[in-house]
Amino acid sequence: MTDLFHAFGDVLNLYTLLWIAIGVTIGYVLGVLPGLGKATGVAVAIPLTFYLQPVAAIALLIGIAKGSAAGSAVSAILLNTPGEPSSAPTALDGYPLARQGKAQKALKMGLYASVIGDFLSTLVLICLAAPLARYALLIGPVELCAILVFSLTFIGGLSGRSLLKGLIAGAFGILFATVGMETETFIPRLTFDLLELDDGLPLVPIAIGMLAVAEMIIQAGNMRELDAETTRIVDGTKPEDRRVLLSDWKASTAPILRGTLIGSIVGILPGLGASVGSFLSYGATRRASPRPEEFGTGRIEGVAAAESADNAVVPASFVPLFALGIPGSVIAALLIPAFILHGLTPGPRMFQEQPDLVAAVYAAMICASVLLLLIGYTGQRLFAQVTRVPIRLIIPGVLFLCCIGSYMETGSVFSIYIMLAFTVLGFFAKKLDFSFVTFLIGFVIGPSLELSFRQSLQILDHRWIKLLEHPIALVFIALTVLVLVMLARGRTKSRTVTAVRDTGTTITKGGHRETS
Amino acid sequence: MRIANLVSGVILILFCLTMLVLIIPTWIEEGPDGMMSPRLVPQMMIWLILGLSVLLIASNLRTVPSDDDGTSPVSREEWLAFGKIGGVFVLALALFLSFGALPASIVLIVGALLALGERRPLVMVLMPLGLIGGAWFLFYRVLGTAIM
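Order-wise, the sequence lines are chains R and Y. Going by numbering that gives the first Met the number 0, the first residue of the first sequence is number 0, and it counts up by one from there. Going by numbering that gives the first Met the number 0, the first residue of the second sequence is number 0, and it counts up by one from there.
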């Protein structure tokens with residue numbers, strides 16, 4: 000706690016606050032733009048942070064993540080087209096409110112719920128990560144290997160509509176992570192005599208290609224539907240339609256707190272993602288309501304429930320990252336290289352080795368929550384205008400920024416080739432429902448998984464019976480099998496049910512969105 | 000989606016077989032004696048993908064056929080966008096390799112605008128000017144570093 004107070008001294012200066020504000024603003028605008036979410040923003044911005052001081056750099060990226068999570072509600076409410084899939088339940092009541100001329104009220108409630116969810120979830124992170132990390136230090140390579148396999152299976156099974164495709168995507172992520180010089184023997188693997196591949200495939204161009212460029216191509220293919228929605232925006236004339244009234248607060252306080260709790264729990268569990276959190280929260284609020292049949296017609300608590308959970312997931316998803324070094328979401332996976340680059344290696348040891356920097360990250364997260372409220376409130380009407388910009392004017396700019404971001408990663412045109420190759424892969428992965436979330440997480444944890452697997456084989460002396468000496472590992476192996484069986488059974492029973500996951504968004508005809 | 004799943008399953012199996020028979024033996028050497036083979040994890044992943052692909056095909060063959068099985072998951076408009084934006088990237092890359100970053104950037108932005116249906120001359124001029132100028136200002140003035 001003392002470290003945290005000292006950390007505010009490092010963060011509360013014009014330089015850092017300015018970069019947090021820039022991050023929140025960029026994130027908010029990106030969130031408003033359909034298809035461009037926090038992961039895209041962070042992936043493109045990582046090379047930009049090379050030239051910033053560590054705290055400012057990390058704060059900028061966190062600002063983008065937080066701003067984007069809140070901004071995605073704007074297009075959900077105004078266009079019925081969520082900026083990110085996790086804001087889809089916001090559109091269920093937000094869009095009807097906007098059609099009734101209460102867009103300003105819905106936007107404001109969405110912002111307040113986002114900030115409260117985000118702030119409280121940040122406190123959960125601060126309270127939980129360090130104590131959990133103490134237990135994580137007791138974990139050896141065998142246990143770590145089992146935990147990583149469990150996490151990837153869990154994520155693979157939950158982040159798409161097909162368990163098999165999720166697992167295939169995860170396996171591909173690990174396969175691509177093996178490209179480059181092998182760390183033990185220094186034998187090049189799958190480098191095809193290209194010197195650029197000796198260090199392995201760079202994450203940033205891969206993420207930019209799969210997340211941003213591929214999504215822009217899909218948006219380009221569906222831009223007519225999106226542009227048509229912008230013509231239907233209406234604004235109310237009555238003052239009470241533009242303000243959040245006391246009665247709105249009374250109706251929304253419990254949904255916001257419930258949403259924050261659900262979002263925080265979902266965020267801590269790897270792989271579930273913000274979409275699951277916001278849908279669960281929306282469903283729970285509807286069930287708790289005395290008039291559930293009115294949901295979907297413009298109930299303000301529907302917006303509050305969805306947005307609070309959506310934003311609570313982001314800070315909570317850092318709990319497994321900080322405590323165990325395991326990314327539970329794409330955003331956490333993308334932040335690993337950024338953290339390492341700026342001297343903070345996510346994992347249990349960071350609390351002992353870099354307590355000041357960890358505290359500064361926490362302080363920056365709290366400041367980002369406050370700035371999110373200020374920037375969101377003062378600039379909301381302006382940000383809402385972004386939804387009126389035709390998508391054909393946005394895509395060229397995004398493509399240009401993607402090229403700059405990829406190029407800067409290695410300073411070579413080879414990064415652009417990598418970006419384009421993974422654009423093609425990402426495009427087909429999205430359209431064929433192979434979870435690129437699992438792919439990217441598999442790619443990021445691949446080296447740790449391989450290392451811990453090799454160490455495990457040596458520790459176990461290639462005798463599987465020795466696993467009995469590692470009960471924690473056995474528990475996670477059993478959990479992996481259990482998850483596989485349960486997911487396989489669940490999928491067979493509910494094959495017709497379309498689940499919404501964080502695997503990307505696609506606008507379909509009629510302005511509705513579906514995951515792909 | 001059923002047919003798309005079957006086709007992707009077959010493609011994945013062919014990919015895995017190529018990797019196991021040709022690519023991995025050619026491009027990953029066996030490690031020295033007494034050390035774990037560098038081929039171990041790549042081969043394990045390929046075998047895993049192979050097994051899962053077989054399961055993907057089997058599970059889709061068992062699924063009852065429906066009317067939308069033959070519908071392509073990629074719409075005609077998306078194919079067109081893929082081709083157009085891909086073409087713009089190829090052109091921009093060729094220009095980058097021959098003439099440098101500035102003409103490539105201009106072609107990337109203007110080409111994408113044209114490919115997406117924008118025809119207003121003012122936008123064609125202001126967009127590249129604003130974006131390239133903005134990037135220059137951010138990196139060279141604000142951050143004090145060079146992109147290239």
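Glycine included, every Cβ here is placed at the ideal spot set by N, Cα and C.
Residues that residue i bridges to, as DSSP identifies them
i	result
I330(R)	The partner list for I330(R) (beta bridge, DSSP) is empty, contrary to what the question assumes.
P187(R)	M180(R)
I207(R)	Paired residues: none, contrary to the question.
I27(Y)	R188(R)
Terminal residues of the alpha helix (DSSP H) in which residue i lies
i	result
L372(R)	P354 to V385
S411(R)	It is not in any alpha helix (DSSP H) - S411(R) carries neither H nor E in the DSSP assignment.
V313(R)	I299 to A315
V123(R)	A102 to A135
S71(R)	P53 to L78
F136(Y)	Element bounds for F136(Y): n/a, residue is neither H nor E.
V9(Y)	R1 to T17
H5(R)	T1 to V10
T39(R)	K37 to A44
D240(R)	Here D240(R) belongs to no alpha helix (DSSP H), and DSSP marks it neither H nor E.
K465(R)	Per DSSP, K465(R) belongs to no alpha helix (DSSP H) and is neither H nor E.
S71(Y)	From DSSP, S71(Y) is part of no alpha helix (DSSP H); its letter is neither H nor E.
L96(R)	A87 to R98
S434(R)	It is not in any alpha helix (DSSP H) - S434(R) carries neither H nor E in the DSSP assignment.
N59(Y)	L39 to R61
I257(R)	Going by the sequence as given, residue 257(R) is Arg instead of Ile. L245 to I267 is the span of the alpha helix (DSSP H), which, as asked, contains R257(R).
P102(Y)	A100 to A114
I25(R)	L13 to V31
M215(R)	A213 to G220
Y281(R)	G272 to A287
Beta carbon proximity, residue i to chain Y, threshold 8 Å
i	result
C144(R)	no
T504(R)	With a pLDDT of 40 at T504(R), under the threshold of 50, the predicted position of this residue should be treated as unreliable, though the coordinate-derived value follows. With 8 Å as the cut-off, T504(R) does not count as an interface residue toward chain Y.
M209(R)	no
V412(R)	yes
T497(R)	Bear in mind that the predicted position of T497(R) carries a pLDDT of just 44, short of 50, making it too unreliable to give a figure here.
T284(R)	no
R512(R)	Its pLDDT being 36, under 50, R512(R) is placed unreliably in this model, and the coordinates cannot settle the point.
I216(R)	yes
P395(R)	yes
D501(R)	Its pLDDT being 40, under 50, D501(R) is placed unreliably by the model, and nothing is read from it.
M485(R)	no
L32(R)	no
R133(R)	no
R391(R)	yes
F426(R)	yes
L398(R)	yes
Beta-carbon gap between residue i and residue j smaller than 8 Å
i	j	result
I415(R)	L92(Y)	yes
P140(R)	S455(R)	yes
A64(R)	I330(R)	yes
Y27(R)	A69(R)	yes
S434(R)	A168(R)	yes
I393(R)	L78(R)	no
A114(Y)	V73(Y)	no
V412(R)	F95(Y)	yes
G116(R)	I255(R)	yes
L11(Y)	N59(Y)	no
V114(R)	L372(R)	yes
A363(R)	V10(R)	yes
Y361(R)	I186(R)	no
I25(R)	G40(R)	yes
L202(R)	V54(R)	no
V302(R)	T89(R)	yes
8 Å Cβ cutoff, residue i in contact with chain R
i	result
V73(Y)	yes
F136(Y)	no
V106(Y)	no
S52(Y)	yes
M123(Y)	no
L128(Y)	no
Interface partners of residue i on chain B, CB under 9 Å
i	result
A219(R)	Although the question refers to chain B, the structure presented lacks it and instead comprises the protein chains R and Y.
Where the stretch 8-36 of chain Y meets chain R: residues whose CB sits under 8 Å from a CB there: Answer set for the stretch 8-36 of chain Y: L11, I22, I23, W26, I27, E28, G30, P31, M34 and M35.
Where the stretch 187-203 of chain R meets chain Y: residues whose CB sits under 9 Å from a CB there: Residues passing the 9 Å Cβ filter: P187, R188, L189, T190, F191 and D192.
Members of the stretch 92-120 of chain Y that neighbour chain R once the beta carbon cut-off is set at 9 Å: Of all residues in the stretch 92-120 of chain Y, L92, F95, L96, A100, A103, S104, L107, I108, V109, G110, A111, L112, A114, L115, G116 and E117 have a Cβ within less than 9 Å of some Cβ in chain R.
Contacting positions in the stretch 37-48 of chain Y - beta carbon closer than 9 Å to chain R: Here the close residues are P37, R38, L39, V40, P41, M43, M44, I45, L47 and I48.
Residues from the stretch 54-66 of chain Y in contact with chain R, defined by Cβ distance under 9 Å: Listed by position along the chain: L54, L55, S58 and T62.
Residues in the stretch 163-183 of chain R having any Cβ partner in chain Y nearer than 8 Å: Listed by position along the chain: L163, K164, L166, I167, A170, F171, I173, L174, T177, E181 and E183.
Short-range partners of chain Y found in the stretch 418-449 of chain R, where Cβ spacing is below 7 Å: Taking 7 Å as the cut-off between beta carbons, the residues of the stretch 418-449 of chain R near chain Y are L419, F426, K430, L431 and E449, in sequence order.
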